[in-house]
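Trainee: In full-length UniProt numbering, the protein residues as written are 1 to 172.
Just so you know, even glycine gets a beta-carbon here, dropped at the ideal spot from N, CA and C.
Note that this is a predicted model, so its numbers are computed, not measured.
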């Protein structure tokens, strides 16, 4: 437990760990998309936004000096990163709930698809429409879809960032 406390006491380490975990998660998402050919739905793409917002912030926080004025900035910055990942966990939880049919998802990627008016309209729509359903999990491991795993990953990253923020603000 002391090793964890020592790790969390250095905002630079926490920021780099957050960046590494976020980058690994995004790399995993790209692996599923481009290597395993599992195209993401609209909600999947929306879940990436917190990662894209937090990763550059984590890099900037890692560059701050470990002196008292900068420690406060690092603490508040890590708090912001924690909040970003809590939003990400909420988005992923919403998506997982849509997959488990706990609630209705957005109309653009769930529910019935309207029939085209005619054959010409149908052929025209095939050229432009690519619908990946948000309410059907493309892959599951240990009973959790990618959205379910993202809930856990986002909560873990938020916890690390939040504990790092508290440690930095206590020291700074």
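Contact between the segment 37 to 47 and the segment 12 to 19 is defined here as three or more beta-carbon pairs at a separation below 8 Å; is this criterion met?
Mentor: no
Trainee: Under 8 Å, do residue 99 and residue 154 count as touching if we go by C-beta distance?
Mentor: No, the pair does not count as a contact, with Cβ atoms beyond the cut-off.
Trainee: Have a look at residue 86 and residue 56 and give me their C-alpha separation to the nearest angstrom.
Mentor: 17 Å
Trainee: If we require 4 or more residues per run, which alpha helix (DSSP H) segments fall completely within the segment 20 to 85?
Mentor: Those alpha helix (DSSP H) runs which fall completely within the segment 20 to 85 and span 4+ residues are 42 to 62.
Trainee: If I measure Cβ to Cβ from residue 171 and keep anything under 6 Å in the same chain, skipping five residues before and after, which residues do I get?
Mentor: 71
Trainee: Determine the direct distance from the alpha carbon of residue 62 to that of residue 164, and round the result to whole angstroms.
Mentor: The alpha-carbon atoms of residue 164 and residue 62 are separated by roughly 12 Å.
Trainee: Are the beta-carbon atoms of residue 169 and residue 77 separated by less than 8 Å?
Mentor: no
Trainee: Please classify residue 19 as buried or exposed, where buried requires at least 16 neighbouring CB atoms within 10 angstroms.
Mentor: buried
Trainee: Below 8 Å on the Cβ atoms is my contact criterion, and I expect residue 82 with residue 158 to pass it. Report the Cβ-Cβ distance as a whole number of Å.
Mentor: Approximately 5 Å separates the beta-carbon atoms of residue 82 and residue 158; this is inside 8 Å, confirming the contact.
Trainee: Leaving aside the five residues before and after residue 2 along the sequence, list all residues of the same chain whose C-beta is less than 8 Å from its C-beta, in chain order.
Mentor: none
Trainee: Determine the direct distance from the alpha carbon of residue 41 to that of residue 31, and round the result to whole angstroms.
Mentor: 15 Å
Trainee: If the criterion is Cβ atoms closer than 8 Å, does the pair residue 160 and residue 17 meet it?
Mentor: yes
Trainee: List the whole-angstrom C-beta distance separating residue 151 from residue 54, where the pair is believed to meet the contact cut-off of C-beta under 8 Å.
Mentor: The pair is not a contact, with the Cβ atoms about 16 Å apart (cut-off 8 Å).
Trainee: When you compare only the Cα positions, how much space is there between residue 33 and residue 60?
Mentor: 28 Å
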